[in-house]
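2 protein chains.
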Amino acid sequence: MKIELGWLLMATSTVENYLKAVLRQEEATGSTTVGEVAKELAVTPGTVTTMMKHLDEEKLVDYQPRKSLSLTLEGRSAALKVVRRHRLIELFLVQIMGLDWSEVHEEAEILEHVISDRLLDRIDVMLGEPTHDPHGDPIPDRDGNLAQVEATPLDEAEGGNYRIVRVSDDDSDLLGWLDENGLTIGEEFALAHPNRAAGVLEISRSTGAKVQLGVQAAGQVFVEAISA
Amino acid sequence: MKIELGWLLMATSTVENYLKAVLRQEEATGSTTVGEVAKELAVTPGTVTTMMKHLDEEKLVDYQPRKSLSLTLEGRSAALKVVRRHRLIELFLVQIMGLDWSEVHEEAEILEHVISDRLLDRIDVMLGEPTHDPHGDPIPDRDGNLAQVEATPLDEAEGGNYRIVRVSDDDSDLLGWLDENGLTIGEEFALAHPNRAAGVLEISRSTGAKVQLGVQAAGQVFVEAISA
DNA sequence: AACAATATCTTGATCAGTCAAGATAAAATG
DNA sequence: CATTTTATCTTGACTGATCAAGATATTGTT
Ligand SMILES: [Mn+2]
Ligand SMILES: [Mn+2]
Ligand SMILES: [Mn+2]
Ligand SMILES: [Mn+2]
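Line order of the protein sequences matches chains A and B. Per this note's numbering, the very first residue in the first sequence carries number 97; after that it's consecutive. Per this note's numbering, the very first residue in the second sequence carries number 97; after that it's consecutive.
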């Protein structure tokens, strides 16, 4: 007769990663599947099946085998807490510790599971309760409210003037390259009429500098149109 | 036929804790035993036996069942790296993050296993390559050299004038109490002739304040004699 | 030495997380 | 609709870490 305190209080870091994966896909595409989660976490589908049965018992996901898979409110809230941690940690590492925006994701991927609430709070305060991480992703607030970022992937944009509002944070090489070319959050540029056939986009900075990038890379850069 | 790269490179956090425990006891008493390690890590002796056989294979400890147990050079070096991490992290949490010296040990106990070398380096530089942690413990340098702290446990001191050079860092309550009474590293005081029978020591600060503390607590405070 | 007490070891089990590979259901295709 | 393809599930096995409890060696005592 073992006392089962705190299973729902004490999500293991593995569990947190599964919840995050489901959340990310729900946010990105409105829903998810066992297969997608397996791909994202680089495990076999069977492993995900097993885990989802567990999480369903813990009421963190709603899982109907072969039918549907989604976060419960509780699961979503747990996932958002981890995302909050992740993004605050990333910003902390860039802003306070002076790490590069291209090298903080991996570190945050681990620290998000182990930092104490107390330390996270210090970080939050130290950063002035920020709303966005170094890559332009919104930071969920303490109550788990997540702001929407509506932005167009650059590879789908027409010719015109744009500002960078978000960049996918998991491709370290791309982030490094963007940084070298001065293409960081908030930067503005003009996009030439896209020449789709070639699969290359050309960008002009106000400095006169021109930069080419492939559609592949462009798909990870999110922009909003500006007037100027 | 699985390729066994990196077992010695990649000590799991459990392994790191075993190595640290052995090191701590070797430093404290010159040697250690399966039983002592078991006590320190709050596991059963059998578990330690099993682990030591593994560590012996990995050449991290020298283990002769029922005979002797000690760190190899490699094991010692690995343990010292973890200790270095632990202490740098503690100091970072106090100095940069503004946490209390009574609440950093637990946090460091976890972070020591997950912080990247890159981040640790930033911390080290940010702190000015410090030599001692918030509790007066010496921080091993990059090459694994550990300075000796020779200091007397307060409960063994005669009457006279002393300076606090080190405090045991794992008793949060004691640390809190010491802090409230202004008894931090570097502070000086006069110890009245100890009245051993009562098990209570009396300390006088230069401010005139007097403080009593039990031998139990005094045993965790380490001092050096001063002239004044 | 003989016996008791203590320390340590061994064995068999459990738990979380995972994979491989075969079984099955659902979807897509002709 | 019958068949192929794809997605998902199930089962059996493995790893690292652990405990319980019985077996054994060592040490201390008379
Ligand atoms: Mn990230
Ligand atoms: Mn990010
Ligand atoms: Mn400590
Ligand atoms: Mn310390």
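All C-beta atoms in this analysis are idealised placements derived from N, C-alpha and C, irrespective of residue type, glycine included. Given the structure is predicted, the values throughout are model-derived calculations rather than measurements.
Query: Taking only the alpha-carbon atoms, compute the straight-line gap between LEU250/B and GLU170/A and give it to the nearest angstrom.; Result: 51 Å
Query: Would you mind telling me which residues of chain B sit closer than 7 Å to ILE206/A, beta carbon to beta carbon, in chain order?; Result: VAL210
Query: Quick one: give me the first and last residue of the beta strand (DSSP E) that ARG181/B is part of.; Result: Taken as a continuous stretch (DSSP letters only), ARG181/B belongs to no beta strand (DSSP E), being part of the alpha helix (DSSP H) at 169-191.
Query: Nearest to THR143/A by alpha carbon, out of VAL111/A, SER300/A and ARG180/A?; Result: VAL111/A
Query: 8 Å is my cut-off, CB to CB: does ARG181/B come that close to chain A?; Result: no
Query: Scan the segment 124-155 of chain A for residues whose Cβ lies nearer than 7 Å to a Cβ of chain B and list them as they occur along the chain.; Result: none
Query: Applying a beta-carbon distance threshold of less than 9 Å, which residues of chain B neighbour LEU176/A?; Result: Within 9 Å Cβ-Cβ: nothing; LEU176/A doesn't reach chain B, min ~22 Å.
Query: Is the beta carbon of HIS228/A within less than 7 Å of some heavy atom of ligand 1?; Result: no
Query: Spell out the partners DSSP gives ILE299/A in its beta bridges.; Result: LEU287/A and VAL307/A
Query: Any chance the CB of GLU203/A is under 7 Å from a heavy atom of ligand 1?; Result: no
Query: Below 8 Å on the Cβ atoms is my guess for LEU274/B versus THR280/B; work out the distance and round it to an integer in Å.; Result: 7 Å
Query: So, is the C-beta of GLU112/B closer than 8 Å to a C-beta in chain A?; Result: no
Query: Can we count ASP265/B as close to ligand 3, meaning its CB is less than 7 Å from some heavy atom?; Result: yes
Query: Going by the CB atoms, is the gap between ALA204/B and ILE185/B shorter than 8 Å?; Result: yes
Query: Under 7 Å Cβ to Cβ from ASP229/B, same chain only, skipping five residues before and after it: list those, please.; Result: ARG183, GLU186, LEU187 and ILE235
Query: Is the segment 126-139 of chain B touching the segment 305-318 of chain A, taking contact as three or more C-beta pairs under 8 Å?; Result: no
Query: Straight-line CA distance for ASP158/A to LEU156/B?; Result: 46 Å
Query: Quick check on the DSSP output: the beta strand (DSSP E) that includes ASN277/A runs from which residue to which?; Result: Note, ASN277/A: premise wrong, no beta strand (DSSP E); not H, not E.
Query: Have a look at LEU271/A, ASP239/A, ARG259/A and ASN257/A and flag the residue whose alpha-carbon is nearest the alpha-carbon of ALA174/A.; Result: ASP239/A
Query: Is HIS209/A near ligand 1, in the sense that its beta carbon is under 7 Å from a heavy atom of that ligand?; Result: no
Query: Could you check whether the Cβ of GLY194/B sits closer than 8 Å to any Cβ belonging to chain A?; Result: yes
Query: Name the one or two DSSP bridge partners that TYR258/A has.; Result: PHE285/A and ALA321/A
Query: Report the rounded CA-to-CA distance for ALA107/B versus VAL210/B, giving the unit in angstroms.; Result: 11 Å
Query: Checking 8 Å against the spacing of the C-beta atoms, do VAL319/A and THR248/A come in under that value?; Result: yes
Query: How big is the Cα-Cα spacing for MET148/B and GLN121/B?; Result: 15 Å
Query: Pick from GLY126/B, VAL190/B and SER198/B: whose alpha carbon is nearest that of SER166/B?; Result: GLY126/B
Query: Pull up the CB-CB distance for LYS116/A and VAL178/A, whole angstroms please, since I reckon it's below 8 Å.; Result: 5 Å
Query: Decide if ASP233/A is buried, meaning its Cβ has at least 16 other Cβ atoms within 10 Å, or exposed.; Result: buried
Query: Does ligand 2 have a heavy atom nearer than 7 Å to the CB of GLU186/A?; Result: yes
Query: Excluding the 5 residues flanking PRO141/A on each side, which residues of the same chain have their C-beta closer than 8 Å to its C-beta?; Result: VAL130, GLY131 and ALA134
Query: LEU215/A versus chain B: which residues are under 8 Å apart at the beta carbon?; Result: LEU189, MET193, LEU195 and GLU203
Query: Since I believe SER268/B is in contact with SER198/B (beta carbons under 8 Å), could you give me their beta-carbon distance rounded to a whole number of angstroms?; Result: 5 Å
Query: Under a CB-based cut-off of 8 Å, is ARG238/B close to chain A?; Result: no
Query: Can you name the residues of chain A whose CB is closer than 8 Å to the CB of ARG218/B?; Result: MET193, GLY194 and LEU195
Query: Nearest-angstrom Cα distance between SER323/A and GLY255/A?; Result: 13 Å
Query: Measure the alpha-carbon distance for ALA305/A versus ALA321/A and round it to whole angstroms.; Result: 20 Å
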